[in-house]
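Notes follow once the structure below has been shown.
Written out as structure tokens, the structure is:
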């Protein structure tokens, strides 16, 4: 992957904090939800309920697809990315603390409002590692994408 493409992907990951993520339900259908996230490079962290449908889906099948984008007024201003990734539950206490710190830094409003920081034992922390990234940039033409294999 060339450096320009890497920088564009990194900028999109860094400027957003929500994504739509699809997991695989037991019946094989995709289930899409919106979650907050934080990233370190191309590695993405998010949390979900311990017994949530998303957590159950990921315990059976670690494949996910996700999308991160804006909602611009003009179609030809659409930029974003989609990603195929593998999901792993974070169990290492050091990595869990790092992930929560990254997530809370993305959501300073939570701390300011007095809401408590979640403990790793209260949530399921997930690390996503990309396998394929598709960078979407309509300014280069309707539906223009650049595909990157990781």
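Residue numbers (our numbering): 2 to 151. We treat Cβ as the ideally placed atom computed from N, Cα and C, and that holds for glycine. A quick note: this is a predicted structure, and the numbers were derived from the prediction, not measured.
- Task: Using three-state DSSP, classify residue 131 as helix, strand or coil.
- Result: The count along the chain shown starts at 1 and reaches residue 131 at position 130. It is a strand residue.
- Query: Taking the C-alpha atoms as reference points, what is the distance between residue 167 and residue 88?
  - Reply: Residue 167 lies beyond the residue range present for the chain, which begins at 2 and ends at 151; the question has no answer from this structure.
- Item | Extent of the continuous alpha helix (DSSP H) to which residue 33 belongs | One-based indexing of the chain shown puts residue 33 at position 32. Looking at the DSSP string, residue 33 is not in any alpha helix (DSSP H); the run it does join, the beta strand (DSSP E), is 31-37.
- Message: Please classify residue 42 as buried or exposed, where buried requires at least 16 other C-beta atoms within 10 Å of its C-beta.
- Response: Position 41 of the chain shown, counted from the start, is the residue given in the question as residue 42. With fewer than 16 Cβ atoms within 10 Å of its Cβ, residue 42 is classed as exposed.
- Which listed residue (129, 31, 52) has its alpha carbon closest to that of residue 37: Locating residue 37 in the chain shown gives position 36, counting from the first residue. From the listed residues 129, 31, 52, the smallest Cα separation to residue 37 is found for 129.
- Message: Per DSSP, what are the beta-bridge partners of residue 63 in this structure?
- Response: Taking the chain shown and counting its residues from 1, the one referred to as residue 63 is at position 62. Partner(s): none; residue 63 has no beta bridge.
- Message: Can you find the residues in the same chain that come closer than 6 angstroms, C-beta to C-beta, to residue 84, ignoring five residues on each side of it along the sequence?
- Response: Mapped onto the chain shown, residue 84 falls at position 83. Same-chain partners within the cutoff: 67, 131, 134.
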